[in-house]
Amino acid sequence: MPVPTNAASRTRLLIADDERLIADTLALIFLKEGYETLAVYSGEAILEELEGFQPDLLLSDVVMTGITGVQAALAMQKTRPSCKILLLSGQADTGDLFRESRVQGLHFELIGKPVDPCVLVAKLKEMRPAC
Numbered sequence: 001m002p003v004p005t006n007a008a009s010r011t012r013l014l015i016a017d018d019e020r021l022i023a024d025t026l027a028l029i030f031l032k033e034g035y036e037t038l039a040v041y042s043g044e045a046i047l048e049e050l051e052g053f054q055p056d057l058l059l060s061d062v063v064m065t066g067i068t069g070v071q072a073a074l075a076m077q078k079t080r081p082s083c084k085i086l087l088l089s090g091q092a093d094t095g096d097l098f099r100e101s102r103v104q105g106l107h108f109e110l111i112g113k114p115v116d117p118c119v120l121v122a123k124l125k126e127m128r129p130a131c
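Under the UniProt record's numbering, the first residue of the sequence shown is numbered 1, with each subsequent residue one higher.
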């Protein structure tokens, strides 16, 4: 769900979670924090939005049906290497997915769910590229 914005110079944040309420709520929170946001609901949708939206940051759930957040992040690193990636997971079985990404030489940061939105805001401010 695109969230309208009026500032072309905002940091672009792509948010992916298969729970629509979570993705949409995070998009609104970060819009209020000054980001240009776009919420999507699958790993496939992340890949579809890479060219059109061209995110500076990706905030993605790890476990989604179809393409996982890790798989989408790996693909994103190849096409948009400057994009910073923060992954979220509420499930304990994400270790194998993370090990797979590290074997390929890529390192993503993982935060466990549930997470306080203030923690996410602070973390993404740390990661935000200079515009």
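Note that CB positions come from ideal geometry on N, CA and C, so glycine has one too.
These numbers were taken from a predicted model, which means no experiment stands behind them.
Inset, instruction - Measure how close the beta-carbons of Val121 and Glu33 come, nearest whole angstrom, since I'm counting them as under 8 Å. - result: The Cβ separation is near 6 Å, so the contact holds.
Legend entry - Spatial distance of Val103 from Pro81 (CA atoms): Model confidence at Val103 stands at a pLDDT of 48, short of 50, so the residue's coordinates are unreliable and nothing is read from them.
Legend entry - Start-to-end residues for the beta strand (DSSP E) that takes in Ile15: Arg12 to Ala16
Inset, instruction - Would you give the residue range spanned by the beta strand (DSSP E) that Gly112 belongs to? - result: Glu109 to Gly112
Legend entry - Same chain only: Cβ atoms within 7 Å of residue 135, ignoring 5 sequence neighbours per side: In the structure displayed, the chain extends from 1 to 131; residue 135 sits before or after that span and is not available.
Inset, instruction - Taking Gly90 as the reference, give the member of Gln71, Pro114, Cys83 and Leu74 with the closest Cα. - result: Pro114
Inset, instruction - Give every residue of the same chain whose Cβ lies closer than 8 Å to the Cβ of Val119, excluding the five residues on either side of it in the sequence, and list them in chain order. - result: Ile111
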